[in-house]
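Residue numbers (the working numbering): 1 to 445.
All residues carry an ideal CB built from backbone N, CA and C; glycine is no exception.
Everything numeric in this text was worked out from a predicted model, so none of it was measured.
Have a look at the structure below, then the notes.
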């Protein structure tokens with residue numbers, strides 16, 4: 001079957017051009033711009049007039065909670081939400097139960113995804129204090145990277161001893177995706193504020209406990225280790241202006257140290273805790289308005305390379321409490337693309353920059369085979385979005401079973417109309433085809 005998407009604005013490789021795309025047998029077989037007409041007859045034609053066709057979003061940072069934490073979410077449930085948000089590929093983190101720190105646990109996740117994932121997938125292998133000898137057993141064409149927690153977060157996978165960190169960096173044969181926060185500073189801050197203000201600290205203390213200093217000290221150490229061992233370092237969820245001083249604005253193919261930012265850190269700031277409370281509590285913490293503006297500028301100037309969600313669903317009852325009791329993390333994958341397109345409307349970014357950071361660069365950095373671009377011969381992972389289509393997010397709209405979102409009540413002007421995964425329409429105007437299954441990502445390494 002051939003599908004023609006006609007008269008649509010194609011956003012690809014820094015340009016937005018009206019044209020048409022034909023997909024067939026999982027792939028893009030024609031891309032036409034500048035008035036050229038398709039050369040094949042098609043079985044289905046979709047009129048894209050007034051709409052935009054983007055490469056499917058590649059989310060390099062999600063927590064889908066399976067196995068062991070399926071009371072929060074599953075691969076199946078979260079890929080339904082992802083498809084509705086225009087996300088066609090994900091890379092999932094290892095802090096599940098059991099943690100993905102053995103080859104057997106990693107293989108189990110791939111089996112689960114093959115059975116249940118509606119979109120394309122890969123998984124990080126989790127580093128521990130004693131498993132770096134396993135890195136050589138990992139399939140570099142199948143595994144996206146090694147996840148390293150250099151700060152205590154959720155999942156009890158902290159690696160902070162000098163010898164253990166040296167072993168991780170020296171043995172790594174894949175990009176090292178790192179969570180940088182200094183645990184000693186965090187613990188000292190918590191003791192200080194509890195002594196001054198009591199045991200029940202309001203959520204507004206969260207960015208003071210997980211402070212700029214904690215982020216900077218840990219990142220500085222990670223950068224030093226990456227340079228010492230000449231390894232690829234991918235810094236997850238940058239949250240402060242000061243950290244940006246450790247990063248370069250070189251093009252993605254000329255730097256070994258890259259960075260990611262989340263839609264939450266680009267959208268919210270510490271002023272929003274009074275309005276949203278623990279719904280925006282995450283690690284590292286959302287910090288000041290000045291930090292948020294610096295992160296936005298870093299997306300524009302190339303110091304930040306990728307926008308990934310850190311999608312982390314929790315049940316509402318798990319988000320109760322303040323800075324010390326409420327669980328950190330939020331579901332965001334369904335609204336990551338609409339929230340970033342809202343920043344396009346506000347003049348913060350261009351739509352071409354959003355496509356670069358959410359589609360092109362994840363594919364380039366991780367060396368994903370034939371995805372992330374609208375090109376002839378590439379896999380047909382595509383998302384059709386409509387501007388000037390306002391809607392307000394309600395609880396009923398939220399597809400993750402946790403049934404809440406920091407974006408609940410927000411109005412977005414951009415609507416995801418259709419999402420194709422490997423040429424199959426998995427999402428169409430509010431309806432998800434739950435019979436479709438994605439494929440394991442392949443990496444050109």
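**Message:** Is the beta carbon of residue 444 closer than 9 Å to that of residue 141?
**Reply:** Residue 141 sits at position 141 when you count from the first residue of the chain shown. Residue 444 sits at position 444 when you count from the first residue of the chain shown. In contact: residue 141 and residue 444 (Cβ atoms closer than 9 Å).
**Prompt:** Among all the DSSP beta bridges, which residues are the ones paired with residue 55?
**Reply:** To locate residue 55, count along the chain shown from 1; it is residue 55. Beta-bridge pairing links residue 55 to 382.
**Prompt:** Between residue 389 and the rest of its own chain, which residues show a CB-CB distance below 6 Å, the 5 nearest in sequence each way excluded?
**Reply:** What you label residue 389 is simply residue 389 of the chain shown in a count that begins at 1. Around residue 389: 415.
**Asked** With which residues is residue 95 paired in a DSSP beta bridge?
**Response** The sequence position of residue 95 within the chain shown is 95, counting from 1. Answer is none; residue 95 lacks a bridge partner.
**Asked** Closest to residue 119 by CA distance: which of 333, 353, 355, 3 is it?
**Response** Mapped onto the chain shown, residue 119 falls at position 119. Nearest option by C-alpha distance: 333.
**Message:** Here's the rule I'm using: 16 or more other beta-carbon atoms within 10 Å means buried, otherwise exposed. How should residue 357 be labelled?
**Reply:** In the chain shown, the residue the question calls residue 357 occupies position 357. Looking at its Cβ environment, which holds 16 or more other Cβ atoms inside 10 Å, residue 357 is buried.
**Asked** How is the alpha helix (DSSP H) around residue 132 delimited, first residue to last?
**Response** Looking up residue 132 in the chain shown gives position 132. Segment: none, residue 132 is in no alpha helix (DSSP H) and carries neither H nor E.
**Of the listed residues 229, 207, 208, 234, nearest to residue 219 (C-alpha basis)** = To locate residue 219, count along the chain shown from 1; it is residue 219. For the residues 229, 207, 208, 234, the minimum Cα distance to residue 219 belongs to 234.
**Request:** Determine the closest residue to residue 237 out of 382, 309, 175, with distance taken between C-alpha atoms.
**Result:** If you number the chain shown from 1, residue 237 lands on position 237. Measuring C-alpha to C-alpha distances from residue 237 to each of 382, 309, 175 identifies 309 as the nearest.
**Prompt:** What residues in its chain sit with their C-beta under 8 Å from that of residue 187, if we drop five residues either side in the sequence?
**Reply:** Along the chain shown, read from residue 1 onward, the residue named residue 187 stands at position 187. Correct list: empty, nothing qualifies.
**Prompt:** Nearest-angstrom Cα distance between residue 126 and residue 175?
**Reply:** Residue mapping note: residue 126 aligns to position 126 of the chain shown, counting from 1. Residue mapping note: residue 175 aligns to position 175 of the chain shown, counting from 1. Spanning the two alpha carbons is a distance of roughly 12 Å.
**Prompt:** For residue 102, which of 121, 130, 321 has the nearest alpha-carbon?
**Reply:** Along the chain shown, one-based indexing puts residue 102 at 102. For residue 102, the nearest C-alpha among the options comes from 130.
**Item:** Cα-Cα separation between residue 124 and residue 275, rounded to whole angstroms
**Value:** Taking the chain shown and counting its residues from 1, the one referred to as residue 124 is at position 124. Taking the chain shown and counting its residues from 1, the one referred to as residue 275 is at position 275. Each residue's Cα considered, the two are about 34 Å apart.
**Item:** Completely contained alpha helix (DSSP H) runs for the segment 100-145, where each covers 4 or more residues
**Value:** 103-116
**Request:** Taking residue 425 as part of the beta strand (DSSP E), name the residues at either end of that continuous run.
**Result:** Within the chain shown, numbered from 1, the residue matching residue 425 stands at position 425. 424-428 is the extent of the beta strand (DSSP E) around residue 425.
**Beta-carbon proximity check, residue 270 vs residue 207, cutoff 9 Å** = Within the chain shown, the letter at position 270 stands for residue 270. Within the chain shown, the letter at position 207 stands for residue 207. Taking 9 Å as the Cβ cut-off, residue 270 and residue 207 qualify as a contacting pair.
**Prompt:** For residue 65, which three-state DSSP category applies?
**Reply:** Walking along the chain shown from the start, residue 65 turns up at place 65. Coil, per DSSP.
**Prompt:** At a cut of 8 Å, does the segment 333-348 reach the segment 254-270 through at least three beta carbon pairs?
**Reply:** yes
**Item:** Cβ-based neighbour list, residue 217, same chain, cut-off 6 Å, excluding 5 preceding and 5 following
**Value:** For this step, residue 217 is matched to residue 217 along the chain shown. For residue 217, where only same-chain residues beyond five positions count, the Cβ hits under 6 Å are 182.
**residue 9 - DSSP class collapsed to helix/strand/coil** = Locating residue 9 in the chain shown gives position 9, counting from the first residue. Strand, per DSSP.
**Message:** Would residue 232 and residue 258 be called neighbours here (beta carbons separated by less than 9 Å)?
**Reply:** Here residue 232 refers to the residue found at position 232 of the chain shown. Here residue 258 refers to the residue found at position 258 of the chain shown. Yes. Within cutoff.
**Message:** Cutting at 7 Å between CB atoms, please list the residues of its own chain near residue 285, excluding the five before and the five after it.
**Reply:** Indexing the chain shown from 1 puts residue 285 at position 285. Counting only Cβ-Cβ distances below 7 Å, and skipping sequence neighbours, we find 206, 207, 210, 239.
**Request:** For the segment 382-416, list the alpha helix (DSSP H) runs that are entirely contained and at least 4 residues long, ordered along the chain.
**Result:** none
**Request:** Please name the residue in 197, 69, 83, 60 whose C-alpha comes closest to that of residue 91.
**Result:** Your numbering for residue 91 matches position 91 in the chain shown. When the alpha-carbon of residue 91 is set against those of 197, 69, 83, 60, the nearest one is in 60.
**Prompt:** So, is residue 52 buried or exposed, given that buried needs 16 or more other C-beta atoms within 10 angstroms?
**Reply:** Mapped onto the chain shown, residue 52 falls at position 52. Flag for residue 52 reads buried.
**Message:** Judging by CA-CA distance, which residue of 251, 311, 373, 282 is the nearest neighbour of residue 29?
**Reply:** Translated into the one-based positions of the chain shown, residue 29 becomes position 29. Taking only the C-alpha atoms, the option nearest residue 29 is 373.
**Asked** At a cut of 8 Å, does the segment 71-85 reach the segment 312-321 through at least three beta carbon pairs?
**Response** Yes, the segment 71-85 is in contact with the segment 312-321.
**Asked** Buried or exposed: which applies to residue 173, given that a residue is buried once 16 or more other Cβ atoms fall within 10 Å of its Cβ?
**Response** On the chain shown, residue 173 is found 173 positions in, with the first residue counted as 1. Residue 173 is exposed by the Cβ-count criterion.
**DSSP three-state assignment for residue 186, whether helix, strand or coil** = Taking the first residue of the chain shown as 1, we reach residue 186 at position 186. Three-state result, residue 186: helix.
**Prompt:** Excluding five sequence neighbours on each side, which residues of the same chain lie with their C-beta closer than 7 Å to the C-beta of residue 180?
**Reply:** Within the chain shown, residue 180 is the residue found at index 180, counting from 1. Contacts found: 150, 151, 215, 218, 219, 222, 235.
**Prompt:** What number of angstroms, rounded off, separates the C-alpha of residue 447 from the C-alpha of residue 412?
**Reply:** Past the edges of the chain, shown from 1 to 445, lies residue 447, and the structure says nothing about it.
**Candidates 381, 404, 407, of which the one nearest residue 421 by Cα** = Indexing the chain shown from 1 puts residue 421 at position 421. Nearest of 381, 404, 407 to residue 421, Cα basis: 381.
**Message:** Assuming residue 117 and residue 437 are in contact, meaning their beta carbons sit under 8 Å apart, how far apart are those beta carbons, in whole angstroms?
**Reply:** For the purposes of this step, residue 117 is identified with residue 117 of the chain shown, where counting begins at 1. For the purposes of this step, residue 437 is identified with residue 437 of the chain shown, where counting begins at 1. Contact holds; Cβ gap of about 6 Å.
**Prompt:** Can you name the residues that DSSP bridges to residue 179?
**Reply:** Here residue 179 is taken as the residue at index 179 of the chain shown, counted from 1. Per DSSP, 149.
**Prompt:** Would residue 279 be called buried (16 or more neighbouring beta carbons within 10 Å of its own) or exposed?
**Reply:** Looking up residue 279 in the chain shown gives position 279. Residue 279 counts as buried, since no fewer than 16 other beta carbons sit within 10 angstroms of its beta carbon.
**Request:** Go to residue 79, then tell me how far its alpha helix (DSSP H) extends in each direction, as first and last residue.
**Result:** Along the chain shown, one-based indexing puts residue 79 at 79. Judged by DSSP secondary structure, residue 79 falls within the alpha helix (DSSP H) whose first and last residues are 75-84.
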